[in-house]
Structures are given as structure tokens and as C-alpha cells.
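Those letters in the sequence shown? Residues 1 to 150, per UniProt numbering, in order. Yeah, the Cβ is synthetic: ideal placement off N, Cα and C, and Gly gets one too. One structure is given below, encoded as C-alpha cells.
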Amino acid sequence: MSTSPVALSLQFGRFPGVDAHRALLRRDRVRRWLAHAMQGPAEVAVRIVGEDEGQALNRQFRGKDYPTNVLTFDYASEPVVACDLVLCGPVVAREAAAQRKTLEEHYAHLLVHGALHAQGWDHETNEREAAEMENLEILLLGALGYPNPY
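This is how it looks when you write it as C-alpha cells:
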């Protein structure tokens with residue numbers, strides 16, 4: 001499986017336990033995950049936030065008043081994918097524990113998932129596309145050495 005060049009900005013907000021997330025999400029690791037999910041060159045800002053910031057962004061941009069695991073803000077798809085991916089660290093950690101996954105596995109999945117959204121994939125409006133997106137996530141994560149996230 002080929003990879004695409006990814007220019008990455010990796011940012012961390014302030015929240016309890018952020019140091020563990022920062023240690024896990026090394027720039028080279030995050031870039032590798034994103035490069036496998038992108039079909040061409042990309043400029044990606046990834047921000048790991050706490051629950052207050054995650055909830056405020058979800059409320060402002062999706063009208064949903066709770067922190068969610070990942071938000072994708074896509075700005076351009078050609079000639080370069082340009083996007084921001086915002087992940088709520090405490091939510092990701094809780095979900096990983098509840099799903100009996102490692103934090104690394106769950107972050108890899110959500111970053112691949114967000115990268116696919118940035119390229120136009122949508123699992124909320126079409127069941128066929130949702131199944132295709134899920135299968136692509138399984139394939140991409142398998143190529144990265146991770147188990148089926150579903």
C-alpha cells in the first residue's frame with residue numbers, strides 16, 4: 001500500500017492526562033497513519049483537546065452539545081487535501097477502554113476515519129458508502145498492523 005506526503009501540524013490542548021497522549025502521539029507515528037489514509041498529498045493539522053474544547057467545537061459546528069471523539073474540518077480536496085482533525089483525548093481514552101482497545105489502536109482508527117472524511121467519505125447519509133468506508137478503514141488499519149476496529 002502506498003503512502004502520500006503529509007505536512008503535519010500536531011497540537012495538544014490542556015487537559016488532565018495530556019502527557020500520556022503526547023507521548024503516544026509522536027509526530028512520525030501520526031504522519032504515518034495519515035499518509036496511509038490519504039490518496040494524495042495533504043496538509044493536516046491534528047489537535048488533541050480536552051472535553052471543554054471538544055464540546056464547544058462540537059456545539060458550534062455540529063449543533064451537538066457534548067464532546068465527540070473526532071471532528072473533521074475539510075477545506076480543500078484538490079490538488080492537496082487540507083483539513084483539521086480535532087480529537088477529544090478524554091473521550092478517545094474512555095472509548096478505547098470501553099471497546100477493549102489500546103489507546104494507540106483507537107487513535108490510529110480515528111485519525112484514519114477523520115482523514116477519510118476529509119477526502120469526502122461519509123458514513124451518515126448512505127448505508128452503502130458507510131459499509132465501503134468501514135471496509136476501507138479495516139483495510140488501511142490492517143496495512144498499518146492494527147486489528148479490525150469494528
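Taken through DSSP and simplified to helix, strand or coil, Y146 comes out as coil.
DSSP, reduced to helix, strand and coil, places R100 outside both helices and strands of the structure shown, so it counts as coil. From the listed residues L71, Q119 and P149, the smallest Cα separation to E105 is found for P149. DSSP places Q60 in the helix class (H, G or I) of the three-state scheme. Residue pairing by DSSP places L85 opposite V46 and T72 in a beta bridge.
With at least 16 other beta carbons inside 10 angstroms of its own, E137 counts as buried. The alpha carbon of P16 has as its nearest neighbour, out of L34, G50, D28 and S4, the alpha carbon of G50. Two segments are said to touch when three or more pairs of C-beta atoms, one from each, lie closer than 8 Å; by this definition the stretch 19-27 does not touch the stretch 59-67.
Between the alpha carbons of R100 and L110 lies a distance of about 15 Å.
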